[in-house]
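Structure record follows, encoded as structure tokens.
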Amino acid sequence: MGPLMQGVLTIFVGVFGCVAYYYFSNLFLDRVLYPARGDDAGRNINRANAVRPWLFLFPALFALSLYLVYPVVGSFWRSLFDRSGDAFVGFQNYRSLGADPEFRSAVVNNFLWVLVVPAASTFLGLIVAQLTDQLKWGGVAKSLIFMPMAISFVGASLIWKFVYANDPNIGLLNAIRGAFGAPSLDPLQLPFWNNFFLMVILIWIQTGFAMVILSAALRGIPEETVEAAILDGANPFQIFFKIQVPQIMGTIVVVWTTITILVLKVFDIVYTMTGGNFGTQILPSYMMEYMFRDDGRATAVAFVIMILVLPVMIWNIRQARKELR
Amino acid sequence: MADLKLTEVAKSYGPVDVLKHINLEIERGELIVFVGPSGCGKSTLLRMIAGLEKITGGELQIDGQVVNNVPPAQRGIAMVFQSYALYPHMTVHENMSFALKIAGKSKAEIDAAVSRAAKILQLEPYLDRLPKALSGGQRQRVAIGRSIVRDPKVYLFDEPLSNLDAALRVATRIEIAQLKEQMPDSTMIYVTHDQVEAMTLASRIVVLAGGGIAQVGTPLELYERPENTFVAQFIGSPQMNLLGGRIVGTGAQTRVELPEGQGTILSNYPTRDSDLGLTVEVGIRPEDMLPTDGPDYAYAGEVEIKEALGEVTLAYFKKQKPEHDPVIAKLPGIHTGLRGRVMHMTADPSKVHLFSNGRSLLYRD
Chain W
1 MGPLMQGVLT IFVGVFGCVA YYYFSNLFLD RVLYPARGDD AGRNINRANA
51 VRPWLFLFPA LFALSLYLVY PVVGSFWRSL FDRSGDAFVG FQNYRSLGAD
101 PEFRSAVVNN FLWVLVVPAA STFLGLIVAQ LTDQLKWGGV AKSLIFMPMA
151 ISFVGASLIW KFVYANDPNI GLLNAIRGAF GAPSLDPLQL PFWNNFFLMV
201 ILIWIQTGFA MVILSAALRG IPEETVEAAI LDGANPFQIF FKIQVPQIMG
251 TIVVVWTTIT ILVLKVFDIV YTMTGGNFGT QILPSYMMEY MFRDDGRATA
301 VAFVIMILVL PVMIWNIRQA RKELR
Chain P
1 MADLKLTEVA KSYGPVDVLK HINLEIERGE LIVFVGPSGC GKSTLLRMIA
51 GLEKITGGEL QIDGQVVNNV PPAQRGIAMV FQSYALYPHM TVHENMSFAL
101 KIAGKSKAEI DAAVSRAAKI LQLEPYLDRL PKALSGGQRQ RVAIGRSIVR
151 DPKVYLFDEP LSNLDAALRV ATRIEIAQLK EQMPDSTMIY VTHDQVEAMT
201 LASRIVVLAG GGIAQVGTPL ELYERPENTF VAQFIGSPQM NLLGGRIVGT
251 GAQTRVELPE GQGTILSNYP TRDSDLGLTV EVGIRPEDML PTDGPDYAYA
301 GEVEIKEALG EVTLAYFKKQ KPEHDPVIAK LPGIHTGLRG RVMHMTADPS
351 KVHLFSNGRS LLYRD
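As you go down the protein sequences, you meet chains W and P in turn. Under UniProt numbering, think of the first position of the first sequence as 1, with each following residue one higher. Under UniProt numbering, think of the first position of the second sequence as 1, with each following residue one higher.
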């Protein structure tokens with residue numbers, strides 16, 4: 001049997017299996033388990049209706065627990081074992097993380113990333129959204145700014161490797177330095193500042209995302225409130241910061257937290273650009289460094305990242321729900 | 001002195017003229033209502049006075065000063081929007097004080113102005129609330145309060161009642177009339193498509209149609225002496241009946257013969273001898289149609305539809321031609337057995353209007 005036939009068969013079985021599950025389980029509930037006849041007809045209908053949602057939710061709940069909950073619990077369990085996974089070591093992996101200066105530097109760097117990237121992306125996205133809304137060729141500008149979103153992080157890193165190249169004939173940065181007569185250098189090896197050069201890449205990618213969402217939010221503001229502010233004598237800056245921005249605060253928070261969650265997970269950029277060298281390590285790339293070598297330690301890092309992401313995510317979901325209301 | 005003067009004001013979007021030849025003088029303390037059908041440019045004219053739309057021709061003066069290119073905030077105007085346009089993230093107090101804060105007024109001054117306005121509008125208990133916690137009528141009052149605190153020369157209202165339900169609309173209309181009485185020196189310009197609002201509020205009404213002014217006058221002037229058939233039919237409900245006719249007698253009173261088996265009618269509109277034989281349109285308001293038994297009737301018709309409103313009964317006569325508007329009579333009180341009956345109608349000569357080519361014979365040179 002060819003792979004095509006296998007695929008078609010799988011789809012067929014999957015779709016009709018699902019339909020059959022819903023149909024026959026519902027039938028079983030209504031006809032066999034709690035039939036709507038006899039002395040207890042009314043009570044049976046109520047019971048059937050109480051059970052029905054769980055019946056229909058079961059496949060989703062089952063898949064979610066299999067593919068989301070089990071891995072989380074499993075990872076945590078794995079992080080309590082040693083490198084080969086044979087010996088139970090308790091919290092030893094977490095203790096050695098704390099003792100590792102590279103881990104501590106990764107935490108500090110990650111903290112910087114979380115502070116800078118969401119703030120810069122959201123701020124730039126907001127400014128760009130506001131400015132392009134007024135322009136005739138704003139649509140073109142928006143598409144150009146949004147385009148990096150479509151590039152994979154590794155691809156984007158490769159592009160920026162050229163920008164940062166330690167050769168004035170290739171690297172844009174060094175070409176500019178060269179024009180002023182300054183000697184060529186490798187920006188990625190400048191201690192501390194190289195972190196920011198890496199952040200620029202993610203900001204470059206994420207500004208488009210922030211811009212699209214915030215642009216839609218800005219358009220949703222009632223035009224009259226802006227006109228009322230004009231009549232009240234507000235200048236463009238006051239209108240923007242005192243009338244428009246407060247009205248889209250909810251959306252700004254959602255964009256901000258969404259990018260924050262992303263920042264806590266991105267490893268590709270650091271992995272591709274510096275491999276975590278020169279003091280640019282962050283948690284996800286630190287995790288990648290240990291993965292397959294010491295899974296106990298890598299899962300411990302993964303768990304630390306999850307703990308860090310969790311509160312931001314809860315806030316994000318709450319804010320998004322508030323927006324929907 | 002004219003508080004506001006518009007000279008040949010025009011507005012065009014590219015080749016499309018939306019408004020042209022707008023000439024209007026508004027005195028201090030007047031409440032002017034711009035009224036007209038949808039798309040006649042009344043809101044656009046208001047927004048041009050506010051400075052939210054650019055004036056593309058002519059001149060706008062406020063207090064004797066040309067303000068065509070003066071930014072909106074410096075024109076001494078305040079505007080109440082149809083959608084209220086309250087700042088949703090600010091409390092009532094912050095909404096009302098925003099303009100003063102921008103202007104750099106002291107906190108004491110701001111608080112004094114806000115509490116004065118809140119008192120006038122009975123908003124004192126709500127000063128700390130956000131707009132979303134207010135009812136439609138309260139939001140409208142906050143929007144008005146936001147204007148009052150700025151103490152403008154001219155208040156602009158853009159259909160302020162159209163988002164309110166019917167009962168609240170009447171109550172708020174009366175509140176606006178009372179507000180005007182409390183501030184006799186303020187000039188107000190009010191845009192509406194509701195002729196009841198126009199008739200009840202206005203010191204003068206400006207009827208706009210087809211991008212120009214159809215007539216300016218007090219509400220009763222427009223009702224009693226409309227300049228043209230547009231104003232005649234726009235003011236009053238149901239609209240004025242227009243019947244084709246021919247002048248058969250001239251002088252201080254004019255006699256008009258209505259064709260096709262109808263009678264004749266007298267009008268107090270004076271005419272010259274040369275008008276004999278002129279084709280005219282006879283305008284009679286439904287409320288001025290009187291049933292008559294005598295031989296001297298103007299219009300005879302069979303009642304096709306009857307609408308009993310209690311205080312009055314509307315009788316719609318059968319149309320002679322399908323493209324005509326039906327002739328309507330508004331009969332006081334309750335009438336039974338009207339449908340299918342042939343009625344003869346006439347009218348008091350003082351209530352009979354004559355138009356030639358859509359223009360009133362009263363306003364000829």
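All C-beta atoms, glycine included, are put in the ideal place defined by N, C-alpha and C.
In the structure shown, the three-state DSSP call for PRO246 of chain W is helix.
Taking one beta carbon from each stretch, the segment 290 to 307 of chain W and the segment 249 to 258 of chain W have fewer than 3 pairs nearer than 8 angstroms; the two do not touch. For ILE243 of chain W and LYS101 of chain P, the gap between their C-alpha atoms comes out near 13 angstroms.
Along the segment 309 to 341 of chain P, there is no position whose C-beta sits under 9 angstroms from a C-beta of chain W. Neighbours of MET96 of chain P in chain W, taken as residues whose beta carbon is under 7 angstroms from its own, are absent, since the nearest beta carbon is some 10 angstroms off. Nearest CB-CB separation between ALA60 of chain W and chain P: not below the 8 angstroms threshold. Per DSSP, the unbroken alpha helix (DSSP H) holding ASN109 of chain W starts and ends at 101 to 133. In the assembly as shown, TRP137 of chain W is an exposed residue. Its beta-carbon has fewer than 16 other beta-carbons within 10 Å. Among the residues of chain W, those whose CB is under 9 angstroms from the CB of LEU52 of chain P are GLU227, ILE230, LEU231, following chain order.
If you check the CB distance, PRO226 of chain P and SER38 of chain P do not come in under 8 angstroms. The residue from P:VAL33, P:SER237, P:HIS353 with its alpha-carbon nearest to that of ARG255 of chain P is P:HIS353. Taking PRO284 of chain W as the centre and dropping the five residues before and after it, the same chain places the C-beta of LYS265, VAL266, PHE267, ILE305 closer than 7 angstroms to its C-beta, in chain order.
Under the three-pair Cβ rule at 8 angstroms, the segment 330 to 342 of chain P does not count as touching the segment 259 to 274 of chain P. By the rule that beta-carbons nearer than 8 angstroms mark a contact, MET79 of chain P touches chain W. For the pair LEU220 of chain P and THR200 of chain P, the Cα-to-Cα distance works out to about 10 angstroms. Interface criterion not met: the Cβ of ILE170 of chain W is under 8 angstroms from no Cβ in chain P. For PRO311 of chain W, the enclosing alpha helix (DSSP H) begins and ends at 295 to 324. Scanning W:ILE151, W:PHE28, W:ASN110 for the CA closest to the CA of VAL309 of chain W turns up W:ASN110. Interface flag for PRO187 of chain W against chain P is unset, since no Cβ pair is found closer than 8 angstroms. Contact annotation: GLY125 of chain W and LEU214 of chain W have beta-carbon atoms nearer than 8 angstroms. Not flagged as an interface residue toward chain W: ALA113 of chain P, since no C-beta distance is shorter than 8 angstroms.
Buried is the label assigned to PRO148 of chain W, since at least 16 other Cβ atoms lie within 10 Å of its Cβ.
In the structure shown, MET289 of chain P adopts coil according to DSSP, grouped into three states. The C-beta of ALA60 of chain W has fewer than 16 other C-beta atoms within 10 Å across all chains shown, which makes the residue exposed. GLN206 of chain W: not part of any beta strand (DSSP E); member of the alpha helix (DSSP H) spanning 193 to 220, first to last residue.
Near chain P, meaning a CB-to-CB distance below 8 angstroms, no residue of the segment 192 to 218 of chain W qualifies. Straight-line measurement puts the Cα of ILE77 of chain P at about 41 angstroms from the Cα of LYS351 of chain P. Minimum Cα-Cα distance from ASN23 of chain P among the listed residues P:ALA103, P:ALA214, P:PRO295 corresponds to P:ALA214. DSSP, reduced to helix, strand and coil, places ASP194 of chain P outside both helices and strands of the structure shown, so it counts as coil. Taking a beta-carbon distance threshold of 8 angstroms, GLN244 of chain W does not count as an interface residue toward chain P. Close to GLN319 of chain W, with beta-carbon spacing below 9 angstroms, lies no residue of chain P; the smallest spacing is near 15 angstroms.
Taking 8 angstroms as the cut-off, the Cβ atoms of ASN194 of chain W and THR132 of chain W do not count as close. Under the 8 angstroms Cβ criterion, the segment 188 to 208 of chain P counts as touching the segment 26 to 35 of chain P, having at least three qualifying pairs.
Going by C-alpha positions, GLU94 of chain P is about 11 angstroms away from VAL142 of chain P.
For GLN247 of chain W, the nearest CB of chain P lies under 8 angstroms from its own CB, placing it at the interface with that chain.
Of P:GLU260, P:ALA73, P:LYS11, the smallest CA-CA separation from ILE230 of chain W is found for P:ALA73.
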